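Undergrad: Chains as they are written, first to last, in the working numbering: chain A, 1 to 419; chain B, 1 to 419. We treat Cβ as the ideally placed atom computed from N, Cα and C, and that holds for glycine. Quick caveat: nothing in here was measured; it's all calculated off a predicted structure.
1) Mind checking if residue 271 of chain A is an interface residue toward chain B, Cβ cutoff 8 Å exclusive?
2) Quick check on this structure: which residue in A:390, A:241, A:246 has the alpha carbon closest to the alpha carbon of residue 362 of chain B?
3) For the alpha helix (DSSP H) containing residue 408 of chain B, name the first residue and the last one.
4) I want to know whether the stretch 186-205 of chain A touches the stretch 288-297 of chain A - three or more CB-CB distances under 8 Å.
5) Can you tell me where the beta strand (DSSP E) with residue 198 of chain B in it begins and where it stops?
6) State buried or exposed for residue 20 of chain A, treating a residue as buried only when at least 16 other CB atoms are found within 10 Å of its CB.
7) Who are the neighbours of residue 286 of chain A on chain B, taking C-beta pairs under 8 Å?
8) For the stretch 67-145 of chain B, list the beta strand (DSSP E) runs that are entirely contained and at least 3 residues long, ordered along the chain.
9) What are the boundary residues of the beta strand (DSSP E) that residue 379 of chain A is part of?
10) Would you mind giving the Cβ-Cβ distance between residue 347 of chain A and residue 358 of chain A, rounded to the nearest angstrom? I have them listed as a contact below 8 Å.
11) Could you check if residue 55 of chain A is buried or exposed, using at least 16 other CB atoms within 10 Å of its CB as the buried criterion?
12) Check whether the stretch 330-338 of chain B touches the stretch 161-169 of chain B, counting contact only when three or more Cβ pairs, one atom from each stretch, lie closer than 8 Å.
13) At a Cβ threshold of 8 Å, is residue 206 of chain B touching chain A?
14) 8 Å is my cut-off, CB to CB: does residue 95 of chain A come that close to chain B?
15) Can the beta-carbon of residue 128 of chain B be found closer than 8 Å to that of residue 177 of chain B?
16) Interface residues of chain A around residue 263 of chain B at Cβ under 9 Å?
17) Classify residue 288 of chain A: buried if its beta carbon has 16 or more other beta carbons within 10 angstroms, exposed otherwise.
18) With 8 Å set as the bound, which would you pick, yes or no: does the beta-carbon of residue 234 of chain B sit closer than that to a beta-carbon of chain A?
19) Does the Cβ of residue 246 of chain A have 16 or more other Cβ atoms within 10 Å, making it buried, or fewer, making it exposed?
20) Just to check my reading of the structure: residue 109 of chain A and residue 397 of chain A have Cβ atoms closer than 8 Å, yes? What is that Cβ distance to the nearest angstrom?
21) Are any of the Cβ atoms in chain A nearer than 8 Å to that of residue 25 of chain B?
22) With residue 40 of chain A and residue 133 of chain A assumed to form a contact (beta carbons below 8 Å), what rounded beta-carbon distance in angstroms separates them?
23) For residue 367 of chain A, which residues in the same chain have their Cβ closer than 8 Å to its Cβ, ignoring the five residues on either side in sequence?
24) Residues of chain A with CB closer than 9 Å to the CB of residue 193 of chain B, please, in chain order.
25) Taking residue 226 of chain B as part of the alpha helix (DSSP H), name the residues at either end of that continuous run.
26) By the three-class DSSP mapping on this structure, what secondary structure does residue 147 of chain A have?
27) Return no unless some Cβ of chain B is closer than 8 Å to the Cβ of residue 319 of chain A.
28) Have a look at residue 102 of chain A and residue 266 of chain A and give me their C-alpha separation to the nearest angstrom.
29) Determine the contact status of residue 413 of chain A and residue 112 of chain A, defining contact as a CB-CB distance below 8 Å.
30) Any beta carbon from chain A within less than 8 Å of residue 19 of chain B's own beta carbon?
31) Pull up the DSSP beta-bridge partners for residue 330 of chain A, would you.
32) Taking only beta-carbon positions, decide if residue 389 of chain A is within less than 8 Å of chain B.
33) List the residues of chain A whose Cβ lies closer than 9 Å to the Cβ of residue 281 of chain B, in chain order.
34) Which class does residue 386 of chain B belong to by DSSP, given the choice of helix, strand or coil?
35) Under the three-state reduction of DSSP, which class applies to residue 393 of chain A: helix, strand or coil?
36) Considering only their Cβ atoms, is the gap separating residue 228 of chain B from residue 324 of chain B smaller than 8 Å?
Set out below in structure tokens:
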């Protein structure tokens, strides 16, 4: 290990501060409003790319926008087709999200590579760092397109997914300057891929509770999403007697509470109705239609299935009792995936080198690893976040924790080259 | 009563068929598209005036377009300044509305007057029938200009209201051939006005349920509207434990049900949560804020007040229990207007003469009577409409019900002249 050498290039504390400064700068590429809003193939996405490209160049990587909207930085060994280790995370945010969810996992490995480069340390394998275009699935009712493209698992129907304005993902990619027809060609060769590692804020309260800067992820939650359409009958809100209404919003309200009740009463199952739209949405018209989303997450496939069955039964009961038409469509589904044992062990060793306690924890959120696991072994390092808060403008990490995580990754990368 | 004489002029069934035919003819003056679209001071408004003028002349009235865009038909007694009873309704429609909302209340009293005239029956007081230019408030963000002009309550700022193209109401009236500066001069003298009666389709299902052709309106509803803002805390929907959430949508769902419960359990109170917006409205984010509207309507100010108090208490209880911030703002309020006792009694008597059951009901919608009540006593007769449907191309009444209502008005007008 060459920790001492690294410390001479970036003095103690400097790496963390550089990381925080870079993430502050990236956060300025956001729609107006509170926090960070940067959606897939948006103007803000386009505008942040030169900054990430600059980080990549500083790290000795050559940046390139790929067919699926990922910005990929490759070292010369990776470009030459040598065996390559992939790192990265997503550039996109939720609406009014924070500075760290996603972008931390782009900026941090690039900073780690830059620090190694400044120390003159050459890694004996190829590296690439990817800023995936889309992980949050906010703009399109599909997600992980970037990491699926690397894993070779993008299906044609995913490219037909439409945003709220009716633009398909394929159209958005073309308008963004990408060539979605080439997506099949950017799938990585598993035989030439050493693994995939993502650094991410925890987005939960466990590391803060343990007072640890970082944690090693054991598995990623399984997720499913549904789109529910509930149809009643519009009517004049002044002249239709209360007992003769088919108010889709009153029905939807009962469903939201029924879903919450299933979730509150089931261990190892979480979920949310995050999106809900009323039609025609006028002050004096009885709501004719409500559409809403249901998301369920569990580390255990059986628990998630039983949760789905309970939710479905509750929705059907409400719809039948209220004579509302119910249409429920599964829009997304991803099984839970396990991190590779060797990756967890190696991260543990790297934590020891960087003087960081290294406990293991489970990820309740989905990440690009869900898709990358089809390609290669995956690992994840979590970084403590303030108040466990994420998807919120107040999302925060400390410079000290950022520094600790960067040094863990530097140690990890150096270990990886050794027999 | 001279019912027998009337029947000789229009045989049983003929009046209703004439009424339906006339309304079909009037409906042809519409913008292209489904149903009837005839806005205030539009080409369609201009084009329908000769037809209504013809009906007026057939009824023995002299038609004249007034300063506010109303077409007014006056009998010679009314023109001579004798005490006058006013009837009428609005010529305008909503976009893609039906044939009966408004125009029924123009065609029907004219047909009743024509039938009386053909019987040689002379009324011992003046009558006028008004086709008000605007009641729906579709083209301009103001409404009831015609009836307010008769009541002397048009304010100068109303004439400055602009349509979607930026044309002011004043400019539209001038282009239509009216002289809006004369509006103050067309206010009627309360001392010379006997009352105002409007015939209108019910726009609700009550008469259909009762199997009655007509109903006597007791009051035009009072309305209040509120904007509710409920604030919780956004958070990652996968990593925030269920028992640590402040989900504004789950809270709002409970509120929507609490409001519905107050409304379902209170007689003579209706209402709706018609508009609801979730923020940030993303599939995987715990809703941070929900805004929604609450509208309450009642003919009885005390009932409406108690309803508001019950709703407010329920919302506060939910907000407190769920640690959500509640902000409720009253955005609109209009008192109920009561129909005159003598008008209701007289309509009841007229219904008896026309062999029609005459139950009372309140109007959940607003009408020209809201403005006319400032001038004189008001009354309203509702006519059953198919499936309670209105503001829709399928809006319909039967010829038999039209006939029944016409005969009620004929009887009413003859009674009115007697001591």
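TA: The relevant details are as follows:
1) Residue 271 of chain A counts as touching chain B.
2) When each option's Cα is compared against that of residue 362 of chain B, the closest is A:241.
3) Boundaries of the alpha helix (DSSP H) harbouring residue 408 of chain B: 399-416, taken from the DSSP string.
4) The stretch 186-205 of chain A vs the stretch 288-297 of chain A: no contact.
5) Under the DSSP assignment, residue 198 of chain B falls in the beta strand (DSSP E) whose first and last residues are 193-201.
6) So residue 20 of chain A counts as buried.
7) The answer, in chain order, is 272, 274.
8) Taking 3 residues as the shortest admissible run, the stretch 67-145 of chain B contains the following complete beta strand (DSSP E) segments, listed from N- to C-terminal end: 71-74, 84-90, 126-132.
9) Taken as a continuous stretch (DSSP letters only), the beta strand (DSSP E) holding residue 379 of chain A covers 378-383.
10) 7 Å between Cβ atoms; contact.
11) Using a 10 angstroms sphere on the CB of residue 55 of chain A, the tally of other CB atoms reaches 16 or more, which defines it as buried.
12) No: fewer than three Cβ pairs fall under 8 Å.
13) For residue 206 of chain B, the answer is yes, since a Cβ of chain A falls inside 8 Å of its Cβ.
14) By this cut-off, residue 95 of chain A is an interface position.
15) The criterion of a C-beta distance shorter than 8 Å is not satisfied by residue 128 of chain B and residue 177 of chain B.
16) Neighbourhood of residue 263 of chain B in chain A, by CB distance below 9 Å: 242, in chain order.
17) With 16 or more other Cβ atoms within 10 Å, it is buried.
18) At least one chain A Cβ lies under 8 Å of residue 234 of chain B.
19) With 16 or more other Cβ atoms within 10 Å, it is buried.
20) Cβ-Cβ separation between residue 109 of chain A and residue 397 of chain A: approximately 15 Å, too far for a contact (criterion under 8 Å).
21) By the rule that beta-carbons nearer than 8 Å mark a contact, residue 25 of chain B does not touch chain A.
22) Confirmed, Cβ separation roughly 5 Å.
23) Its chain contains 89, 135, 198, 200, 220, 380 as the residues whose beta carbon lies nearer than 8 Å to that of residue 367 of chain A, once the 5 sequence neighbours on both sides are disregarded; these appear in chain order.
24) By Cβ distance, chain A contributes nothing, its closest Cβ being about 27 Å from residue 193 of chain B, past 9 Å.
25) Not the alpha helix (DSSP H): residue 226 of chain B falls in the beta strand (DSSP E), residues 222-231.
26) DSSP, reduced to helix, strand and coil, places residue 147 of chain A within a helical segment of the structure shown.
27) Not closer than 8 Å to any Cβ of chain B, the Cβ of residue 319 of chain A fails to qualify, so no.
28) Our two residues, residue 102 of chain A and residue 266 of chain A, have alpha carbons roughly 29 Å apart in a direct line.
29) Yes; because the gap between Cβ atoms is below 8 Å, this pair is in contact.
30) It does not; no Cβ of chain A falls within 8 Å.
31) For residue 330 of chain A, DSSP records a beta bridge to A:226.
32) A Cβ of chain B is located within less than 8 Å of the beta carbon of residue 389 of chain A.
33) Scanning chain A for C-beta atoms nearer than 9 Å to the C-beta of residue 281 of chain B yields 95, 274, 275, 276, 277, reported in chain order.
34) Helix.
35) Residue state, collapsed to three classes: coil.
36) No, the Cβ-Cβ distance between residue 324 of chain B and residue 228 of chain B is not below 8 Å.
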